[in-house]
Amino acid sequence: MSTKIPVQQFDPNQPGSTDLYERRQKIQPRFVRGLFQHLRNAGAWLVLGLYFGIAWFNYHGRQALLFDLSTRRFYIFGWTFWPQDFILLAWLLIIAAFSLFAVTVFAGRVWCGYVCFQTVWTKVFLLIERWTEGDRNARMRLDKAPMTAKKFLRRSLKHLGWFAVALATGVTLVGYFDPIRSLWHEMKLNSLSEAELVWIFVFTVLTYLNAGFMREQICMYVCPYGRFQSVMFDRDTLIISYDHNRGEPRGNRKRDTDLKAASLGECIDCTLCVQVCPTGIDIRDGLQFECIACAACIDACDNVMDQMGYPKGLIRYTTENNLEHGKPIHIMRPRLFGYAFMIAVVSALFVFTLSTRKPIAIDVIRDRNALYRETSDGLIENSYVLNIMNKTQQTENVNISFSGLAKDAKMQGEHTIQLAPGEFRTVTETLEEDPEEIHERETDIDFKITEQNQPTVSVDSPSRFFAPSN
Ligand code: SF4
Ligand code: SF4
């Protein structure tokens, strides 16, 4: 017999009721100085420099990194890639994935803490926020204060700064898909196309929202890496941890307090490690999935330890085995060797594929309108469309030939063509054969293109020659 569960009305005002939806508390991280802050700054400047610099960098007269979607060609430092070169991209993605796994096994989420785009752009937005509204306490006071002319001015300056960075980010991102110099020129002439305007708008708004408002929520709820990285940790992974044995019992004290006599650990419970945390967690509660390993809490706590005259490292990079069992930090582990081996193998495959990649390519499509035709001279004729690509960034002269038919078979059409750098050309060729020489209804043939200057460089593409059945 089935029993119905009675539906109950939820009243949040009723005593004992708890709203299951927890509102997000705005996090106002405090600025911190220290060794890891310097490293984070170096990482951020490197990422920003590469992102904004490479877009404007020219190589051999062309934008060095350009994903030209309109012509489906990708220019990467002198190489031209086509969708047919997808395998190279696949190798690169596999190398990147294994590298990320290896780094995670070695030192946890260092990628997130130091060079992830979300972290870097949030850092830039926080910097603007600090310049315009002050550090944590000033910002919290400003949040609570009523709107005045001063508050309005500070808020406006902040949003203006955020918008400028978001716009520069959006334009640069579109500039990787649409040559950035012409994009900039069009912007100055106010003649951007509709598509360019839409994409710049989309990327600008996304950057503005992500780095200005979403911040740590992207790391906590959206980023898949943040969710699965913990399964790659082992007890020898370097993680940022609070030394519970050393720090507890925590409590307030004077600088020269005798810790033994006062039954205190070294944590003075100042909560600075919590105040600097960009995700708002307390590292003293143990390893948490929200931690992006930015090491801001290490800097904050080391400064406190210095002031108190205690040794640094109450919060530090360590391993679970070291912290809990006093075992030495053990970096070289079989898993890491396994990842290093896989990276070496896939890198070798990538280099091999790249170095043996032909600079020209051909793809043959048969004329679909007719299997064959008979000419006025009584010959059997088949037509083909040849898609020929020059993957290099130099002009290439190529010879077109075919094989598979009798010696007297002829090719009507161009026998030599000149291709501009990165050009894709469609050529129509017709093959004619004496019916006396044809013994099969279908004959396998090959079209071949050969570089004039380097006859050893050639590629071919198979097709078929059809004739009436005898
Ligand atoms: S910063 Fe250090 S001393 Fe201060 S609360 Fe955190 S762990 Fe304790
Ligand atoms: S707990 Fe420390 S390392 Fe983790 S996110 Fe917060 S400040 Fe960064």
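Residue 0 is where the sequence shown starts when you use numbering that gives the first Met the number 0, and the numbers rise one by one after that. Don't be surprised by glycine CBs; every beta carbon is placed ideally from N, CA and C.
Asked	Found
Cβ contact check for the region 109-124 and the region 199-217: 3 or more pairs under 8 Å	yes
Straight-line gap, L65 to Y371 (C-alpha atoms, nearest Å)	42 Å
Exposure label - T79; buried when at least 16 CB within 10 Å	buried
Which of helix, strand or coil DSSP assigns to Q216	helix
Residues of its chain near N251, where Cβ-Cβ distance is below 7 Å and the 5 sequence neighbours each way are ignored	I267, D268
Residue environment, W110, which counts as buried when at least 16 other CB atoms sit within 10 Å	buried
Beta bridge counterpart(s) of P461 as assigned by DSSP	D445
Local Cβ density within 10 Å of D298, reported as buried at 16 or more and exposed below that	buried
Residue of L258, K253, F73 minimising C-alpha distance to Q83	F73
Given 8 Å, three or more beta-carbon pairs between the region 198-206 and the region 168-183	yes
beta-carbon R245 near ligand 1 non-hydrogen atom, thresh 7 Å	no
Simplified DSSP assignment, three categories, for T103	helix
Which residues DSSP lists as bridging E395, in chain order	L418
Which listed residue (T391, Y338, M304) has its alpha carbon closest to that of R254	M304
E380 - partner residues in DSSP beta bridges	R372, E431
Span of the alpha helix (DSSP H), counted from its first residue to its last, around I199	193-208
G470 versus P420: straight-line alpha-carbon distance, rounded	The first residue shown for the chain is 0 and the last is 469, placing residue 470 beyond what the model contains.
Residues bridged to I342 (per DSSP)	DSSP lists no partner for I342.
Cβ-heavy atom distance, R283 to ligand 1, below 7 Å	yes
Beta-bridge pairing of D67 - partner residues as DSSP gives them	R72
Touching by the beta-carbon criterion (3+ pairs, under 8 Å), the region 326-341 and the region 88-101	yes
V170: CB within 7 Å of a non-hydrogen atom of ligand 2	no
The region 344-354 / the region 427-435 touching (three or more Cβ pairs under 8 Å)	no
Whole runs of the beta strand (DSSP E) within the region 215-278, excluding any shorter than 3 residues	238-241
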